[in-house]
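So that you can map any letter, position 56 of the sequence shown is 64 in the working numbering, and since no number is skipped, the others follow by simple counting.
As structure tokens, the structure follows; a few thoughts come after it.
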Amino acid sequence: MQAVNNICDIPVSQLPKPCLKDDHFAIEISDEEYEAGLAACKHNLHGRIVLPKGSSPINVDNLRVKLASIWKSIGRWGITSIGKGFFELYFSSIEDMRRVRSMGSWNLNPGILKLFTWTHDFNHKIQNQTSVQVWMRIYGLSPRVLEEKHLVCN
């Protein structure tokens with residue numbers, strides 16, 4: 009948690025040595041470290057803020073305050089901005105993560121936090137996940153059209 013709060017003092021000698029790969033700097037991590045990192049994310053979710061047109065963006069601190077007032081029964085959790093209105097949320101237990109995820113989206117008034125499963129290859133720069141919930145009333149339909157087998161959408 010210290011690293012998140014920018015109060016952690018790590019000696020440069022303990023950091024992995026970067027190497028140049030193509031035009032970018034890279035660090036090498038072992039398969040064991042990679043797998044341990046993936047396992048640590050099993051309690052994580054990704055989320056995206058969807059705001060009404062003309063609304064000001066919500067920064068991570070304001071979002072944390074809003075969610076803390078809604079998630080009073082949730083144990084320890086945290087949130088990190090990963091850009092373009094996307095966030096990574098992490099929870100201390102799988103049960104808390106599942107409780108939060110079961111809602112799918114949370115009303116922030118204004119805006120909605122849409123939640124989805126954490127994936128190791130998530131890239132906010134290429135995401136185009138826009139969904140809209142719509143209720144429609146269509147008059148004059150035959151009762152046969154309203155039968156359950158006709159209402160299934162794929």
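The beta carbon of each residue, even a glycine, is placed where N, CA and C say it ideally should be.
Sequence-distant Cβ neighbours of Asn-67 in its own chain, meaning closer than 8 Å and more than five residues away, are Ser-89. Beta-bridge analysis with DSSP links Ser-89 to Phe-95. Under the three-state reduction of DSSP output, Ser-113 falls in the strand class.
Counting C-beta pairs with one atom in each stretch, the segment 93–110 and the segment 54–72 have three or more that are closer than 8 Å, which means they touch.
Taken through DSSP and simplified to helix, strand or coil, Gly-55 comes out as strand. When secondary structure is reduced to three states using DSSP, Lys-74 falls in the helix class. Contact annotation, Phe-99 with His-51: C-beta distance approximately 4 Å; criterion of less than 8 Å satisfied.
Counting along the chain, the unbroken alpha helix (DSSP H) around Leu-46 starts and ends at 39–48.
With contacts defined by Cβ atoms closer than 8 Å, Ile-82 and Val-58 do not form a contacting pair. Contact between Leu-46 and Phe-124 fails: their C-beta atoms lie close to 17 Å from each other, not under 8 Å. Each of Leu-75, Arg-145, Leu-149 was checked against the Cα of Leu-121, and the nearest Cα belongs to Leu-75. Between the C-alpha atoms of Thr-127 and Glu-40 there is a straight-line separation of about 18 Å.
Here the alpha carbon of Ser-38 sits roughly 17 Å from the alpha carbon of Leu-28. The beta carbon of Arg-84 lies closer than 7 Å to those of Ser-100 in the same chain, with the five residues before and after it left out. Ile-87 and Ile-35 have their alpha carbons spaced roughly 25 Å apart. Just measuring C-alpha positions, the residue of Trp-114, Tyr-147, Trp-79 sitting nearest Asp-104 is Trp-79.
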